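Taking it in order: structure first as structure tokens, then the write-up.
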Amino acid sequence: MTNKPVRCRKCNKLMFYISDDLKGKIEVKCTRCGSLETISK
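Residue numbers (our numbering): 13 to 53.
Below, the structure written as structure tokens:
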């Protein structure tokens with residue numbers, strides 16, 4: 013489990029998510045604009 017950074021495509025805010033190796037996809041919701049980023053490995 014590691015904290016990884018990802019940038020929001022809409023407002024370019026830097027967010028951190030916890031990488032979980034059990035899931036193939038992770039959804040991160042931006043705290044600034046509410047856009048959902050889907051990270052697939």
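For glycine and all other residues, C-beta sits at the position ideal for the given N, C-alpha and C.
Keep in mind the model is a prediction, meaning the values are calculated, not measured.
When rounded, the separation of the alpha-carbon atoms in S31 and T43 is 18 Å. Between the C-alpha atoms of C23 and K16 there is a straight-line separation of about 18 Å.
Ranked by how close their Cα comes to the Cα of K25, the residues T50, C45, I51 have C45 in first place. For L48 against K37, the beta-carbon gap comes to about 11 Å, at or over 8 Å, which does not count as contact. Judged by DSSP secondary structure, R19 falls within the beta strand (DSSP E) whose first and last residues are 14-19.
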